[in-house]
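Participant:
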Amino acid sequence: MPEANITKRALGASLKALMQTRPFHKISVGEICEHCGMHRKSFYYHFQDKYDLLNWVFYSEFMQLLDTTAQTELWGYMLRVCEYFAENRQFYLNAFAIEGQNAFTDTFNETLEAILSAYLHQEIRDDAFREFYCNFYSDAFRCSIVRWLRERKPVSAEAFVDLCHRSVECATAQSIPPPPGWPASGG
Amino acid sequence: MDNQTVIKAAIQNVVSKGIRDIRRDPNRSIRKLVDLGMQFGTGRYQQTFFTDAHKTLKKRNSAYYTLVTSLIRNVDPKTLETLGFSVGYMSWTMGAKVIRAYEKKEGFNVPWTVLVDLSRPAETILDLEQLVEQGQRLGIYTYFLFVGEHTPDPDSMLSLAERFGSSAFFLVSVDAAMNARMAASDELLCNTLIVPRGGDPACPEIGGVLSQKKRMFGLNCEYNAVNADTLLSDAFLQNVVEQGYPFLFLIPSLDCDPATRERVNAAVLALRVSGRYPLFPIDLYNDLQQVDHIISDEHCMLALGADGSVLYPKGVQGLTFQGRTLEELIRLTMPRVHHHR
């Protein structure tokens, strides 16, 4: 592994460790560096601020779940994502709790929307409301994931993803005519 | 929903975010994107590419920071994403995997790209759609098409690129007439890189027009023993940069001797490592073969004429794509010397 990635990973691991016990807003860049024995200069060589580091942890680990060597269909991928969230439960509960301009929710939603949009593009090709469905399902997934992570005795990741899958399949299987005055399709 | 759709959506999302970040915070974000590429670029050539890029970017004053920032500011973002995905993922990761599996199973080499010289007149023109369709099945997702004033129906290149959206098409001009045509075209296809021919007095203006249209483009120059030093001189390279060309494709002329080729190749490699200019030089045939070598362990470049006849590898005169499948043609021209490790 290149040196730069080792440094980034060390900083990421440090943030993850600190977020096990403290909310994100109470953690400083100095503490992240101190925890892994890095100089602040190293931190700022790689990251703009702690939000940047948090997003990097998410992107690099999230992308690792993509197995380009195997079949990656949506629900198989979602299962890996949820298993990953369960393994990093406290970290992501803290991350989802961040509010404001740099909210992690926005980063996650953007990623989920990109994937769901590709999925819906295949499943419901011509539908004027596809963008709305995409946003709707992204929000629904995110809220469900947070609720699931918060539960004291959560169902397994497999059972959770199966329920999500069913919810989407039920909805996309129904063909409801658009209200009067709305474009019917292809919009 | 198939395998590629999830992967494509996830990778494009990360790349698109990376591009946005580079606009806001260039140097750090460029390094981050390269490091992510190193981490996830599982293809053999990708590893080499990202390792080299990482080494170059270690120099804080590397001109490649300027090059990447300028590409991101000046090129249509969809084009950047699409071309990056077609070459970086479809060719060097997914395609490379298909190629290696084919080579292992069938015992012949498969090139990662096909070059087609459409610049010379021919009685019957090969069926490009067939070529690309069959090429994609073999894992070939990048095509270099040499075009000039004698190219019949140049617009068909654009419909070809449109039809095969997951492949990348490098349209390499060989004359001033095609340069002018490239500059005048308003058609934007995100999976094409336009490469006008150098030496045309209109090149500075063409660079400006293509830049204004937010195209991804480069300049190509033919070299031989006589002009190689000029093309590698600081004055020339600086001039190319000033004209706004981010890539320089150096192509050996037919009469170019092996010693000159070697010299140019060494100079291009040194230029890339030095990162002195915000310009990415490519010694076309050598670099393409180098990628082939890394993917397939052996050199296996394939170049066809406009009529489908094999121009390279040499020594297989008479063989043509007409009346054959690409697989049959490759099987006949590129037997493996060694078995896969």
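Protein chains in written order, with the working numbering: chain A, 1 to 187; chain P, 188 to 528. Here a beta-carbon is modelled for each residue, glycine too, at the ideal position from N, C-alpha and C.
#1: If you draw a straight line from the C-alpha of K242 (chain P) to the C-alpha of S249 (chain P), how long is it?
#2: In the DSSP output, which residue or residues are listed as bridge partners for E409 (chain P)?
#3: Let me know if R218 (chain P) comes out buried or exposed under the rule of 16 or more other beta-carbons within 10 Å of its beta-carbon.
#4: So what does I469 (chain P) bridge to, in DSSP terms?
#5: Is S167 (chain P) helix, strand or coil when you go by DSSP?
#6: L358 (chain P) lies in the beta strand (DSSP E); which residues open and close that run?
#7: Quick one: is E113 (chain A) buried, meaning 16 or more other Cβ sit within 10 Å of its Cβ, or exposed?
#8: Where in the stretch 268-296 of chain P do unbroken runs of the alpha helix (DSSP H), each at least 4 residues long, occur, reported from the N-terminal end onward?
#9: Since I547 (chain P) is in the alpha helix (DSSP H), which residue starts that stretch and which ends it?
#10: Give a yes or no on whether 8 Å exceeds the smallest Cβ distance from K219 (chain P) to chain A.
#11: Look at L163 (chain A) and R89 (chain A) and say whether their C-beta atoms are less than 8 Å apart.
#12: Per DSSP, which one or two residues make a beta bridge with R384 (chain P)?
#13: Are the CB atoms of D479 (chain P) and W299 (chain P) nearer to each other than 8 Å?
#14: Grab the span of the beta strand (DSSP E) containing V497 (chain P) for me, first residue to last.
#15: Determine whether the Cβ of T105 (chain A) lies closer than 8 Å to any Cβ atom of chain P.
#16: Check distances from the C-beta atoms of the stretch 225-251 of chain P to those of chain A and list, in chain order, the residues that come in under 7 Å.
#17: For T507 (chain P), which residues does DSSP report across the bridge?
#18: Measuring alpha carbon to alpha carbon, tell me which of A:K153, A:D139, A:E61 and A:Y137 ends up nearest V201 (chain P).
#19: Any beta-carbon of chain A closer than 8 Å to the one on I482 (chain P)?
#20: Go ahead and pull the three-state DSSP assignment for T111 (chain A).
#21: Roughly how many angstroms lie between the CA atoms of Y289 (chain P) and G228 (chain P), to the nearest whole one?
#22: For G187 (chain A), which residues from the same chain have a beta carbon less than 7 Å from its beta carbon, with the 5 sequence-adjacent residues on both sides left out?
#23: Can you grab the Cα-Cα spacing for the pair S167 (chain A) / A157 (chain A), in whole Å?
#24: Can we say the stretch 311-323 of chain P touches the stretch 487-501 of chain P, given the rule of at least three CB pairs closer than 8 Å?
#25: I want to check one thing, is the minimum distance from the CB of R231 (chain P) to the heavy atoms of the ligand SAH below 7 Å?
Facilitator: Walking through what the data contain:
#1: Along the second sequence, one-based indexing puts residue 242 (chain P) at 55. Along the second sequence, one-based indexing puts residue 249 (chain P) at 62. Rounded to the nearest angstrom, the two C-alpha atoms are 10 Å apart.
#2: Here the question's residue 409 (chain P) lines up with position 222 in the second sequence. Bridge partners of E409 (chain P): P:I438.
#3: Counting from 1 along the second sequence, the entry for residue 218 (chain P) is found at position 31. Buried, since its Cβ has 16 or more Cβ neighbours within 10 Å.
#4: Numbered from 1 along the second sequence, position 282 holds the residue referred to as residue 469 (chain P). Answer by DSSP bridge pairing, in chain order: P:F436.
#5: Since the first and last residues shown for chain P are 188 and 528, residue 167 (chain P) lies out of range.
#6: Translated into positions along the second sequence, residue 358 (chain P) becomes position 171. Looking at the DSSP string, the run of the beta strand (DSSP E) that includes L358 (chain P) is A355 to S360.
#7: Stepping through the first sequence from its first residue, residue 113 (chain A) is reached at position 113. Counting Cβ neighbours within 10 Å, E113 (chain A) comes out buried, since at least 16 surround it.
#8: Qualifying alpha helix (DSSP H) stretches, in chain order: 283-293.
#9: With chain P covering only 188 through 528, there is no way to say anything about residue 547 (chain P).
#10: The sequence position of residue 219 (chain P) within the second sequence is 32, counting from 1. Closer than 8 Å to some Cβ of chain A, the Cβ of K219 (chain P) qualifies, so yes.
#11: In the first sequence, the residue the question calls residue 163 (chain A) occupies position 163. In the first sequence, the residue the question calls residue 89 (chain A) occupies position 89. Not a contact, by the Cβ cut-off of 8 Å.
#12: As a first step, residue 384 (chain P) must be located in the second sequence, where it is residue number 197. Looking at the DSSP output, R384 (chain P) shares a beta bridge with P:N407.
#13: The residue you call residue 479 (chain P) lines up with position 292 of the second sequence. The residue you call residue 299 (chain P) lines up with position 112 of the second sequence. In this structure, W299 (chain P) lies closer than 8 Å to D479 (chain P) by Cβ.
#14: By 1-based counting over the second sequence, the position of residue 497 (chain P) is 310. V497 to Y499 is the extent of the beta strand (DSSP E) around V497 (chain P).
#15: Taking the first residue of the first sequence as 1, we reach residue 105 (chain A) at position 105. No, T105 (chain A) does not count as interfacial toward chain P.
#16: M225, Q226, F227, T229 and H241
#17: The residue you call residue 507 (chain P) lines up with position 320 of the second sequence. Checking the DSSP bridge columns, you'll see T507 (chain P) partnered with P:S496.
#18: Stepping through the second sequence from its first residue, residue 201 (chain P) is reached at position 14. Comparing alpha carbon positions, the residue from A:K153, A:D139, A:E61 and A:Y137 closest to V201 (chain P) is A:E61.
#19: Along the second sequence, one-based indexing puts residue 482 (chain P) at 295. Cβ-Cβ to chain A under 8 Å: no for I482 (chain P).
#20: For this step, residue 111 (chain A) is matched to residue 111 along the first sequence. T111 (chain A) falls in the helix class under three-state DSSP.
#21: Stepping through the second sequence from its first residue, residue 289 (chain P) is reached at position 102. Stepping through the second sequence from its first residue, residue 228 (chain P) is reached at position 41. Approximately 21 Å between the Cα atoms of the pair.
#22: Translated into the one-based positions of the first sequence, residue 187 (chain A) becomes position 187. No answer about G187 (chain A) holds up, because its pLDDT of 41 lies below 50 and its placement is not dependable.
#23: The residue labelled residue 167 (chain A) in the question sits at position 167 within the first sequence. The residue labelled residue 157 (chain A) in the question sits at position 157 within the first sequence. Rounded to the nearest whole angstrom, the C-alpha separation of S167 (chain A) and A157 (chain A) is 15 Å.
#24: yes
#25: As for the ligand SAH, it is missing from this structure, which has no ligand bound.
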